[in-house]
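Be aware that the sequence shown starts at 12, since it is given in this note's numbering, and climbs by one per residue.
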Amino acid sequence: MRYLVVIFSWTCLPGLFAQLPEPTQWLITSVRTGDTEIFIVDPRYGDAQNISRAPGSEERYPAWSPDGKKVVFTSNREDGKTYDLYLLHLGSKKLRRLSKLPSGSVAYWPSWTQDGKYIYFNEGNSSKVYRVQPDGKGLQPICEARDACISPDGKYLTYTQAGPQGFGVWVAKADGSEARQVIPQESRIGGIAPVWSHDGQKIAFSMQVAEFAEIFVCDRDGSNLRQVTQLQQISSSPAFSPDDKWLSFRVTNEAYWRDAQKRDKTYQEKAADKRPVWVIEINGNQPKLIEALHYQCAMDGSRAEWKPIQYSQKQKQP
């Protein structure tokens, strides 16, 4: 019966995927093997390829290289408790470990500069941002921040940071200097995981609305703030489409991470329908659940990352 529902869902949405930029491929985390693994998927038809292929370990937070030929992600495959950063060459299948963090560290939210020279990532226990080259050289701590993402031009970080009332959205230079809070509204939920648009002109993030979390978009200086989703659930982990006209994001009906015991139980159960992927236009139109992936997604907060497409848009400076 599940397959009949999926087929019916696509026939009800004939125009949605015709509007998405081609080729439409995403990186997602899935528990279809029993472990959290990295897959390349086609959201239109559900075709999926397991690229991490690491039974008995957990792989999370995948991100495409700008040319779409490599994928960086985090994994605890070394000792089962330390999440380091790894890089996979999709053509050769060659895998390289990029970091050797202290035992128990958790690397997350890697992001690339558009020239492909640097990867920035976060470490959860210390709330530090690191930078490393794709060959594993030059690993160094940059600054303290949470959920940091590097701008495509490599000059600015956007991140979340605790203030008097909770967490807001900040922008700083790539070394952490000249930090400024671009979204002064603070809450105990967000802004969560701010991410740059591909042209470097917008930031998307998740922010608390009542007891829920919704997706918001603003200009890079915090102006023109607007709420994109109205789902009254926990919407998070936004990612821009290559043409910056759409957002993918994750939705769950419960902020399970507020309770450590419930969080651990949720991860252990590995239910595959608790945090599916949605898409929406950045103006808030056409929010749609991706039915082909509805029963395949892991519970972690990884983005559904769109495969890059090169556009000739010129990045502007703030």
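We put the beta carbon where it would ideally sit given N, CA and C, even for glycine.
Look at Gln272 here: in three-state DSSP terms it is helix. In the DSSP assignment, Tyr167 falls within the unbroken beta strand (DSSP E) covering 167 to 173. Here DSSP, grouped into helix, strand and coil, assigns Leu304 to helix. Contact between the region 104 to 118 and the region 153 to 162 is absent: fewer than 3 CB-CB pairs across the two stretches fall below 8 Å. Each of Glu265, Ala283, Gly165, Gln192 was checked against the Cα of Ala309, and the nearest Cα belongs to Ala283. Residues Ser116, Glu155 of the same chain have their beta carbon placed closer than 8 Å to that of Ser137, with the five preceding and five following residues left out of the count. Leaving aside the five residues that flank Arg286 on each side, the residues in its chain whose CB is nearer than 6 Å to its CB run, in chain order, Arg261, Thr263, Cys308, Met310. Under the DSSP assignment, Asp158 falls in the beta strand (DSSP E) whose first and last residues are 157 to 161.
The shortest C-alpha to C-alpha distance from Thr35 to any of Ala59, Thr47, Thr277, Thr44 is the one to Ala59.
Residue pairing from DSSP leaves Ile200 without any beta-bridge partner. For Tyr94, same chain residues with a beta-carbon under 6 Å away, outside a window of 5 residues either side, are Thr85, Asn87, Val117, Ala118 in chain order. The C-alpha of Gly312 lies about 8 Å from the C-alpha of Arg71. When the Cα atoms are used, Tyr56 and His305 turn out to be separated by approximately 12 Å. Under DSSP, Ser248 shares a beta bridge with no residue. Residue environment for Asp146: exposed (fewer than 16 other C-beta atoms within 10 angstroms of its C-beta). In the DSSP annotation of this structure, the continuous segment of the beta strand (DSSP E) that includes Pro73 starts and ends at 70 to 75. Secondary structure at Tyr56: coil, using DSSP grouped into helix, strand and coil. The three-state reading of DSSP puts Thr124 in coil, since its state is none of H, G, I, E or B.
In its chain, beyond the 5 residues on either side, Pro54, Val288 have a beta carbon closer than 6 Å to the beta carbon of Ile301. A residue is called buried once 16 or more other Cβ atoms fall within 10 Å of its Cβ, and Glu197 is buried on that count. Comparing alpha-carbon positions, the option among Ser247, Val290, Pro73, Ile51 lying closest to Trp123 turns out to be Pro73. In this structure, the straight-line span from the alpha carbon of Asp126 to that of Tyr141 is close to 18 Å. By the CB criterion at 8 Å, Gly165 and Pro319 fall outside the cutoff. By the neighbour-count criterion, in which 16 or more other beta carbons inside 10 Å mark a residue as buried, Glu316 falls on the buried side.
Of Gly149, Lys299, Leu38, Glu69, the smallest CA-CA separation from Lys81 is found for Leu38. In this structure, Ile203 lies away from Ser188, with their beta-carbon atoms at least 8 Å apart. The DSSP assignment places 191 to 198, 203 to 207, 213 to 220, 223 to 230 as complete runs of the beta strand (DSSP E) inside the region 191 to 241, in order along the chain (cut-off: 3 residues). DSSP places Ala183 inside the beta strand (DSSP E), whose first and last residues are 178 to 184. Cβ-Cβ distances below 7 Å link Lys256 to Glu292, Ile293 in the same chain, with the five nearest sequence neighbours on each side left out; the list follows chain order. As computed with DSSP, Leu258 is found in a beta bridge with Phe251, Ile291. Taking a C-beta distance under 8 Å as the contact criterion, Asp232 and Val193 qualify as a contact pair. Boundaries of the beta strand (DSSP E) around Val143: 139 to 143.
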